[in-house]
Amino acid sequence: MTHSRRFRSLRPERRHHRGMVLICVLVAMGVAITLTGLMIRSSLRARHQMRNEWQLEQTRWLLDRGIRSVLMESPESDRTIDLTEALPRYASGTLTIRRGSESSSESDSSSDGSVTYRVTAVIESRDGVPVVTRRSRDVRVSDEAERE
207 MTHSRRFRSL RPERRHHRGM VLICVLVAMG VAITLTGLMI RSSLRARHQM RNEWQLEQTR
267 WLLDRGIRSV LMESPESDRT IDLTEALPRY ASGTLTIRRG SESSSESDSS SDGSVTYRVT
327 AVIESRDGVP VVTRRSRDVR VSDEAERE
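Spelled out as structure tokens, the structure:
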């Protein structure tokens with residue numbers, strides 16, 4: 207009987223040991239799930255930031271194109287160009303060119319009859335939370351440039 211008592215006394219320790227292993231496995235799984243969640247969250251945040259930066263770059267390019275258009279054509283009237291179909295990733299995109307007031311040499315000593323245009327580029331994303339980027343710039347075109 208000594209032999210059987212010896213095995214009985216070891217069983218409670220084995221069960222306790224199994225419980226510790228189970229707790230360690232559960233803790234390790236919890237840590238792994240937490241780390242995976244943090245990595246996914248970080249990845250999504252980086253992707254969102256990259257999209258916003260890409261949209262900002264698109265808006266800058268659109269503004270540059272509008273400025274080139276003003277410098278080359280010097281439009282006589284205001285115009286708004288809808289670029290929604292040309293920008294399929296976005297909900298909307300517009301380029302607006304507005305002719306400002308003409309400067310005379312009497313009111314502004316630095317100008318000689320030049321015209322100021324306000325060029326505005328706007329792009330809105332299609333995301334669940336839409337992000338709107340807007341860039342604008344005033345461009346002054348002299349009479350000499352308009353005549354050429």
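For the sequence shown, the working numbering gives the first residue as 207, with consecutive numbering after it.
Using N, Cα and C, we set each Cβ at its ideal position, and we do this for glycine too.
Q. Nearest-angstrom Cα distance between Val276 and Ser348?
A. 11 Å
Q) Helix or strand or just coil, what does DSSP make of Arg304? A) strand
(Q) Using the Cβ count rule (16 or more neighbours within 10 Å means buried), how would you classify Ile229? (A) exposed
Q: Look at Arg341 and Arg266 and say whether their C-beta atoms are less than 8 Å apart.
A: yes
Q: Go ahead and label Asp344 buried or exposed: buried means 16 or more other beta carbons lie within 10 angstroms of its beta carbon, across all protein chains shown.
A: exposed
Q: Could you spell out the range, first to last residue, of the beta strand (DSSP E) harbouring Ser342?
A: Val338 to Val347
Q) How about Trp267: is its C-beta nearer than 8 Å to some C-beta of chain D? A) Within the model displayed, chain D is absent; a lone protein chain is all it includes.
Q) Three or more beta-carbon pairs under 8 Å between the segment 223-237 and the segment 295-305, yes or no? A) no
Q: Out of Ile303, Pro281, Arg274 and Glu279, point me to the one whose CA is closest to Asp288's CA.
A: Ile303
**Q.** First through last residue of the beta strand (DSSP E) which encompasses Val325
**A.** Val321 to Ser331
Q: Could you spell out the range, first to last residue, of the beta strand (DSSP E) harbouring Asp288?
A: Arg285 to Asp288
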